[in-house]
Structures are given as structure tokens and as C-alpha cells.
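Here's the structure, in C-alpha cells; my notes come after.
And the structure:
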């Protein structure tokens, strides 16, 4: 009866929110209202209504004219007679008119609301002291009833941003009347809503759409839910089918497909046909619903669903595939691409499979989150791993983590391998290259093309079309799912299980040590990625270790995670007599020798990175360097000279920063006509660049850094128009740091956030990150980084590769040495930024800026505790960074009426600051400023 009354009523509002203003108005509620507004949901706002003990008629009317009431139970909700009387009205509409109610438990337990216990109960008893027993019992009844309705509980693991988004989606779904038969599938509602919109069942035209996504992402599950939902619709015939090519005879195969299909859709066994075209003849005037699953053959589409005109008005055809090219070839333009679920949904999927509930049991949260992350949020992985762990104790979960980290579940591998086996040989080869370590995963398309010499790079688009990789905008970056990477490594491992030297790629440190120890490397080896931090003690390599590895193209020796700078873990006590001639990529951090082998050839080398090496020189004489595009010798403090680069006609980047023994720049630099970036900052012994060098030939030069070259006395005159359309003024002495303006478009991240996780990660920070993502601002996320006192290499790189740092000062920020060391690095980077360019935005979240500057108040007390037993040098560095950053123009949360507005302002501020500031350079044709020995070169558009 109530439902019937509800459906016949007219509504003025979609949502009526009931809440305690002191608890949530400026924080959680503001974000929830913003999320509802973003989905065009009409929400009642109580502006201008004077609150008292009795509810005014206007408020009662607003409740009655709302389709859904959202009741936000918080600590002080029951301290307000206004809120409790509001709840009575909501309860009445719930019972009498079938109004939908969504309870939200914000920092309170639902049982405390139902039973009026705990802090909630204490507030309630205080409110009831001067009320009649009838009023009290009425409130108790409605609290018990409303709190028993399924709702949202903030303490269930989600952060505020995820919860507000989920509530907004839930409201949006409830406002649309449709079947909920598949509500048990986590996240299915959003998929069905998007697909229903795409299908547009109201239209009478026949329509064909595609469902696209990688293996295991849930395409078939989503399609089955959709098919079931549409099954009762007014279709004459329906079929959900999947067919594969089983015979080579093309015509015979097409006949067989038509026979099978007509038999399935018409429900006639042993249907026989003797010529093609029967699908169109039999179904031309029929309204049909067809789902073709796992399609990988264009001829199948041409045979069974060649044209929408083959079918009757209102027909709907759905094609499921992981091959975008196939959809394009069949001119299917309406494509629904299934994305990976959010972390919150992924955890829920895992919990449904493992625990048959939506969240982990007590004590399982941390390990469940780790398992979900190891699946890379792939629904197939979540389901299979969840089922395999069902009923196991927490100890067993923990014991299985190392196995899950290093390997791939057999069932998951079988499904993913089936897709891999369908690729042609060249695509399979490229797939393995990308899966190898982190060589290409996360790299730009242009980088891959350089290293592969277009031999395999033409297959990149094919891999992307088949959903094995993603090419993301705006930098055309390659991304491969973590489970697919593991598949690639499993495939390589299977090439030679007992002898790793016969595999194409080596990644595992133990395997690499075994190969070098026993000298078992073979010509099969193409790539080695050796992270020396994975070995427990220093390792000594024989001088002839590389002699048998003739075909090695990619050699990476790094020490990420080892800790102390310039300390090698790899030693060559007898030197090195050979490096493979075919090397295209050579990265060797802390290279321990003074020079490359005398027979070293670099004719195929594309990139050379030897950071923190002990090299004094690279090689003698002139080498054929036509493939070379990048040299990075950063912080090679013993390097005294660079070689003749006259034949490096394609060299684009030369990084010599921190080469403190370098005395001069080789005169051959004038022939490197494609050079775009030259960094000789902090080359403290550099005295001159040969004056006869004609730098006018460097027409591509965009960035030049000689900052910190304190002994530099002369430099060639530059006065040129370069090929990028900018004018460079003449140099008088040395050049300042121009990184931000000239290369902002190549930064890896737009924003690096520094924060205290305990204070803001699940609340304020979540809203900031969501807003930055909405504005397509690329933000560094610190997932999986183990926090300690010292900052790791990955975090240092992230700070240096970010255009702006947002520092969120909160009460406990100074309790973390991690945060303080992070701040020092941010401060140091800000000192290198172009003058007039804002690179740090401090946010004072519930702290006074003066307390941060002066280390006083609560903030100061926390800082003093952190400084105990710490060296005075650390303390002074922290103080300097706190003072300088807190003096920068920032955002004080105490000056804003609500968080949602403040968050939007922060995002807009960031967006404005990451736009390349060409206007800074207008009319600037000469030397801009002289600060000590530093000069800024500015460029302007002609």
C-alpha cells in the first residue's frame, strides 16, 4: 500500500538530508551535497530556516515532498530535539508513503543508534531529561527502526570521498526504477546503468553495441546480468552465444555458424541450411536480443550480424570482445569499455568471494587489502583468489602472500594465457618485452620506438586494441596490468626452468647471480634487470661474464632500496673485458670501474645511463653513435672528460649534473645538432667551454643548466633563432635553472602531496585527490611504499619529477620524520624553481600557520617530541624547511566555511599553476636578471 502511494505522489525534491550541523555541515555534508549536485540530484537545502525545538511546517513539507531521506547519524545527532523531531517526520513518511531512507553512520556504530548506548546514548539521555516519557519512547522507536535499515557506515574501511561517491551513486540508482535481480554482483549497477543508456531501448531503430575490456575484467558477467535484465522485455527471440572457428574451410565454417546460431535463437534442434544469408531471411522482421560473447573473428560478425537492417525494429545486438580493431572494422561505434573497479569495490569483491560478506572480518582488513592489491583490482583474480582463500585462517592468508607476490594462480594464468596464445608472434614478442621488469611498462610510446627501432613498436597499437596494454593521454604512456606482467614473466621462466641463462629475460636477482656465478649466460638472453638491493651481500662478477651473452640488448643494473648513496653492491675486481656489442640500453648505477672495456662498441646504443659511477672517461677516440639519443652521467664525480660526440648526430639529451671533476666540454658538442637538453649544473670544476665552439648550430636546444658552475669563466656567444620558434638572448657568464618553464610538459607528475596519513588520508586528502583527478591533474600516489625514517629512491624521484608539491600541515604532521624529511626535499626543490613560479602550496588543516613557522602550540609540542634523540643537524634542516614553506602563500582551512568549497579552490589553484607560463616571457628578449653568478635566459614567441 505504501509503495503504491509512493509511486503516485509528485516530488519536489530528490533528497532531504537530516544531520547535526556541528558534526558534519562544513565537512562530510558539504562533500556529499557536492557529489549529489554533480549527478543533477535535487537536494533540499535548509538555508534561512531558524532552528528550534519544534519543526516548522516548511520543513515538514520538504520532508514529505522528497523521494529519499538521507539521515546522517553522528555523535551529536541525538543532542538536538530538532534532529529527533525531524527523524519522526521522516519515519512517518517512510511508513505512510513508502519514502526511501538511507541511514549514514558517521563515526558512530549502528548498534549505538539502535540501542541508544555509548556516546550516542549519553547525548540522547541528556536531551530526554526535560521531555515526557511519550516523547522519549517515540524517539526511541524511530531511532531503532531507521537505524535498522541497510545504510552506509564510515568505519567500514572506506574513506569519505569513496563514501560520498557511493552514496551519490546509490541515490542515483534508486531514483531510476529497474530490476535489481543482479544486486549481488558487486558494482554491477553502474555497468547496467551505463549500458542501458547506450542501448536506448526507447528507440525503435535496431542498434549494435560493443563491450570491450581485457581478459578477466568481467565483460561476460556484466553482459549476462544485462541479458537477464532485458529477457522479459518485448523481444521476439533472444540468444546469448559464443562460437569459435573449428574448421579451415571458410565457407563451411560460416554455414556451421549460421546453423548453430539459428538453432539457438529459434529454439529448433538440428537446424539445417544449405546456403548463406539465412540469418537475414529468418530474422528480418523480428525484434531480437543477441549477445555474442568472446568474439575474436571478424568473419563471425559478418556472418551472423552483418548489418543492423538484417533484424527487426528495436533489435539490440551486443558484441563482447577484447579487440577494439574488430569493433572498428565492423563499424560498431557505440562501445562500452569496462574499466578496472575502484579499490573499495575490489575489496568488496574479494570479501564477497572469501568471506561471503561486504567487508573483511575483524583482523583481516590489512591482509585482505594486500591480496586485493596483488590482483591489480582484476575481478577474475579477486574472485579466484577469494574462493581459494575461503575458510582459511589469517595465518594461512599471511603465509600465502609471498607466493601471490611472486607467482600467478594457475586458474588465472590459464585464462590470461588463452588470450596471449591468440596473438601473432611479433605481438607476443612485444608483450614479453613490455612485461620484462619495468623496462617499458610506464614508458612513453616514443621511448619504446627509440629502443626497438620500430621493429616491434608498430605492434603497440595492436596490443592496445586487444586490451593487453593501455596507451594513456596526454603523454602516450604505456600501462600493462600487473597480472599480465606476471604472465609474461611466467612465460619467460617456462622457456628454461632449470637453466635461467637460456631464457630471453632475467629479472630475479637469484637467477642472475646463478648465471654470473656459473657463467651460464647464452646468446638467447636479450635483457637483464638486476636490482642489487635484492641481494643480501656484495656480489663479485668475473671479468668475462658477458662474453657468451652476444645478443644482450637491455642491461639494467640498479640499486633501488639499498639506501646509502654511492655505495655499490656489484664489484668487478678484475675489471671487465667485454660488454655485448648489440646493447641498445645500458643503465648501470654505481658502475665500479674507471672506464668501459677497451673493445666497447656503442653503435647500437640508444640510451646510456651511468649515474653515480666511478668512471673517469667513457672510451677513447671517435665511436659510431648514430643511434644514441641520451647520455646520463649524473653525479659521476670522477668523470674528467666526455668523449668525442661528433658522430652522435641524433643525441637529444646530455646530463652531466654533479660531475665535479669535469673541466671542460668537448668541442664536438657543436656537431650534436639535435641536442635539446644540456645539464651541467654543479660541475664545480668546469672552467670553460671552448670559445671556438659554434653553439649557433644547436638550433634545437631548449634547456641549458650551468647553475652551480662556480669556476666558469667564459662561454661562447649565443644569438640565434631556434627551430622551435623561440629567441634566445646572449649569454654573459652562466645560465640559471630553467627546468620548470621549458620542460613542464614532460614532468612525470603534476602534484606531489605531503601529508600525515593519520590525520587526513581517509578524510580531507581523499576529497582533494578526487577533485584533482576530476580535473585530470596527475597526482603521485604512495601506494605500496614502505614508510621509514629515511626517504626511499622512489619517493625522492616522485618529488623531483612533480611540478607542484601540496604540503598539508596538520596536528600530527611533525610527528613523522618521514614527513619532515619529505618537506626538506620539497623545500630544496622549490629553491631551484624558476623565479616567480609557485611550486609549493601549503595547506594549514586545523593548525595555525604561525604555530608551524615558530613550532609552537600543539604542532610545536609534537615537533619537539620528534626531535628528541635526533641530531641537531636534522632538527635545523627541519626548522628551516618549516619556516620557509609555512611563509609561502597557502590555504588556511579555518578561513573557509566548508571543506568542499576549499577543495575546489585548491584544485583550481593547482590547475592555474601548472599551465606553462608563456606570459612570463613576453617582451623578454635580453638577459632577465643577474643574481650572483646566475642568469635567467628567457624565451618569447616570435
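In this note's numbering, the protein residues as written are 194 to 1135. For every residue, glycine included, the Cβ atom is placed at its ideal position computed from N, Cα and C.
Problem set entry | Where residue 938 falls, given that 16 or more other Cβ within 10 Å makes a residue buried | Translated into the one-based positions of the chain shown, residue 938 becomes position 745. Reliability fails at residue 938, whose pLDDT of 39 lies under 50, so the model's placement of it is uncertain and no value is given.
Exercise. Is the Cβ-Cβ distance between residue 270 and residue 223 less than 8 Å?
Worked result: Here residue 270 refers to the residue found at position 77 when the chain shown is read from its first residue. Here residue 223 refers to the residue found at position 30 when the chain shown is read from its first residue. No, Cβ-Cβ distance for residue 270 and residue 223 is not below 8 Å.
Exercise. Are residue 265 and residue 210 touching if we call contact CB-CB under 8 Å?
Worked result: As a position in the chain shown, residue 265 is number 72, starting the count at 1. As a position in the chain shown, residue 210 is number 17, starting the count at 1. Yes; because the gap between Cβ atoms is below 8 Å, this pair is in contact.
Problem set entry | Three-way DSSP call (helix, strand, coil) for residue 881 in this model | Walking along the chain shown from the start, residue 881 turns up at place 688. Judged by DSSP in its simplified three-state form, residue 881 adopts strand.
Exercise. Given that a residue counts as buried once 16 or more other Cβ atoms are within 10 Å of its Cβ, and exposed if not, what is residue 201?
Worked result: Reading the chain shown from its first residue, position 8 is the one you call residue 201. For residue 201, the predicted model reports a pLDDT of 48, less than 50, meaning its position is unreliable; a value from the coordinates is still stated below. Its Cβ having fewer than 16 others within 10 Å, residue 201 is exposed.
For this session: Give me whichever residues DSSP pairs with residue 432 in a beta bridge.
Result: Position 239 of the chain shown, counting from 1, holds the residue named residue 432. Answer is 483.
For this session: Since I believe residue 947 is in contact with residue 1003 (beta carbons under 8 Å), could you give me their beta-carbon distance rounded to a whole number of angstroms?
Result: Looking up residue 1003 in the chain shown gives position 810. Looking up residue 947 in the chain shown gives position 754. Not really, about 11 Å apart at Cβ, beyond 8 Å.
Problem set entry | Best match in 682, 486, 975, 827 for proximity to residue 849 [C-alpha to C-alpha] | Here residue 849 is taken as the residue at index 656 of the chain shown, counted from 1. Taking only the C-alpha atoms, the option nearest residue 849 is 827.
For this session: Mind the definition here: the segment 587-598 touches the segment 557-568 only if three or more C-beta pairs lie below 8 Å; say whether that holds.
Result: yes
Exercise. Taking buried to mean at least 16 other C-beta atoms within 10 Å of its own C-beta, is residue 793 buried or exposed?
Worked result: Against the chain shown, residue 793 aligns to sequence position 600. With a 10 Å radius around the Cβ and a threshold of 16 neighbouring Cβ atoms, residue 793 comes out buried.
Problem set entry | Neighbourhood of residue 311 by C-beta, 6 Å cutoff - its chain only, sequence neighbours within 5 removed | On the chain shown, residue 311 is found 118 positions in, with the first residue counted as 1. Excluding residues within five positions, the ones whose Cβ falls inside 6 Å are 305.
Exercise. So residue 654 is in the alpha helix (DSSP H); what residue range does that whole segment cover?
Worked result: Here residue 654 is taken as the residue at index 461 of the chain shown, counted from 1. Residues 653-658.
Exercise. Cα-Cα, which of 340, 219, 357 is closest to residue 231?
Worked result: Here residue 231 is taken as the residue at index 38 of the chain shown, counted from 1. Comparing Cα positions, the closest option is 357.
Exercise. Pick from 1078, 1056, 354, 1079: whose alpha carbon is nearest that of residue 1068?
Worked result: Within the chain shown, residue 1068 is the residue found at index 875, counting from 1. Ranking 1078, 1056, 354, 1079 by Cα distance to residue 1068 puts 1056 first.
Exercise. Under the three-state reduction of DSSP, which class applies to residue 1103: helix, strand or coil?
Worked result: Counting from one through the chain shown, the residue named residue 1103 turns up at place 910. In the structure shown, residue 1103 sits in a helix (DSSP, three-state: H, G or I).
Exercise. Given residue 1044, which residues of its chain have a CB within under 8 Å of its CB, disregarding the five upstream and five downstream residues?
Worked result: Here the question's residue 1044 lines up with position 851 in the chain shown. Excluding sequence neighbours, residue 1044 sits near 1050, 1051, 1052, 1053.
For this session: May I ask you to list the residues that DSSP assigns as paired with residue 345?
Result: On the chain shown, residue 345 is found 152 positions in, with the first residue counted as 1. Partner(s): 297.
For this session: Identify whether residue 914 lies in helix, strand or coil by the three-state DSSP scheme.
Result: In the chain shown, the residue the question calls residue 914 occupies position 721. Low local confidence applies: a pLDDT of 41 at residue 914 is under 50, so the model's placement there is unreliable, with the coordinate-based value given in what follows. Strand, per DSSP.
For this session: Can you grab the Cα-Cα spacing for the pair residue 621 / residue 1063, in whole Å?
Result: As a first step, residue 621 is located in the chain shown; it is residue number 428 there, counting from the start. As a first step, residue 1063 is located in the chain shown; it is residue number 870 there, counting from the start. Going from the Cα of residue 621 to the Cα of residue 1063 covers about 53 Å.
Exercise. Between residue 675 and residue 638, what straight-line distance do the alpha-carbon atoms span, to the nearest angstrom?
Worked result: Locating residue 675 in the chain shown gives position 482, where the first residue counts as 1. Locating residue 638 in the chain shown gives position 445, where the first residue counts as 1. Whole-angstrom Cα-Cα distance: 19 Å.
Exercise. Per DSSP, what kind of secondary structure is residue 927 in: helix, strand or coil?
Worked result: Taking the chain shown and counting its residues from 1, one reaches residue 927 at position 734. Low confidence applies here, because residue 927 scores a pLDDT of 36, under 50, leaving its location unreliable; read the following figure in that light. Residue state, collapsed to three classes: coil.
Exercise. In chain order, what residues of the same chain lie with their CB nearer than 7 Å to the CB of residue 257, ignoring the 5 residues before and after it?
Worked result: Sequence index remark: in the chain shown, residue 257 carries index 64 (1-based). The residues 286, in chain order, have a CB closer than 7 Å to that of residue 257 in the same chain once the five nearest residues on each side in sequence are set aside.
For this session: Would you please state the rounded distance, in angstroms, between the beta carbons of residue 901 and residue 875? I believe it to be under 8 Å.
Result: Walking along the chain shown from the start, residue 901 turns up at place 708. Walking along the chain shown from the start, residue 875 turns up at place 682. Going by Cβ atoms, the distance from residue 901 to residue 875 rounds to 4 Å, so yes, they are a contact pair.
For this session: Would you mind stating whether residue 809 and residue 833 have Cβ atoms separated by less than 8 Å?
Result: The residue given as residue 809 occupies position 616 in the chain shown. The residue given as residue 833 occupies position 640 in the chain shown. Closer than 8 Å, so yes.
Exercise. Do you know offhand how far residue 503's Cα is from residue 517's?
Worked result: By one-based count along the chain shown, residue 503 stands at place 310. By one-based count along the chain shown, residue 517 stands at place 324. If I take the Cα positions, the gap works out to 23 Å.
Problem set entry | Segments assigned beta strand (DSSP E), at least 3 residues, entirely inside the segment 666-690 | 670-672
For this session: Would you give the residue range spanned by the beta strand (DSSP E) that residue 401 belongs to?
Result: As a first step, residue 401 is located in the chain shown; it is residue number 208 there, counting from the start. Element bounds for residue 401: 400-405.
For this session: With DSSP as the reference, label residue 696 as helix, strand or coil.
Result: To locate residue 696, count along the chain shown from 1; it is residue 503. Residue 696: coil per DSSP, three-state reduction.
Problem set entry | Outcome for residue 733 when other beta-carbon atoms lying within 10 angstroms are tallied against a minimum of 16 | Translated into the one-based positions of the chain shown, residue 733 becomes position 540. Exposed, by the Cβ-count rule.
Exercise. What number of angstroms, rounded off, separates the C-alpha of residue 342 from the C-alpha of residue 1012?
Worked result: Here residue 342 corresponds to residue number 149 of the chain shown, with the count starting at 1. Here residue 1012 corresponds to residue number 819 of the chain shown, with the count starting at 1. Cα-Cα distance, rounded: 42 Å.
For this session: Flag this pair as touching only if the segment 512-526 and the segment 462-480 have three or more C-beta atom pairs under 8 Å; answer yes or no.
Result: The answer is no - the segment 462-480 does not touch the segment 512-526, with fewer than three Cβ pairs under 8 Å.
Exercise. Going by DSSP, what residues sit across from residue 781 in a beta bridge?
Worked result: Residue 781 sits at position 588 when you count from the first residue of the chain shown. Per DSSP, 750.
Problem set entry | Closest by C-alpha distance to residue 444, when choosing among 414, 406, 496 | Locating residue 444 in the chain shown gives position 251, counting from the first residue. Here the closest residue by C-alpha is 496.
Exercise. Expressed to the nearest angstrom, what Euclidean distance is found between the alpha-carbon atoms of residue 598 and residue 682?
Worked result: Numbered from 1 along the chain shown, position 405 holds the residue referred to as residue 598. Numbered from 1 along the chain shown, position 489 holds the residue referred to as residue 682. Residue 598 and residue 682: Cα-Cα distance of roughly 13 Å.
Problem set entry | Close-in-space but distant-in-sequence residues of the same chain around residue 1123 (CB under 7 Å, 5 per side omitted) | To locate residue 1123, count along the chain shown from 1; it is residue 930. The pLDDT assigned to residue 1123 is 30, lower than 50, so where the model puts this residue is not dependable; a value taken from the coordinates is nonetheless given after this. Taking C-beta separations shorter than 7 Å and ignoring five residues to either side along the sequence, residue 1123 has no partners in its chain.
For this session: Taking 8 Å as the cut-off, decide whether the C-beta atoms of residue 539 and residue 565 are in contact.
Result: Start at 1 with the first residue of the chain shown, and residue 539 comes out as number 346. Start at 1 with the first residue of the chain shown, and residue 565 comes out as number 372. It is a contact, given that the beta carbons lie within the stated cut-off.
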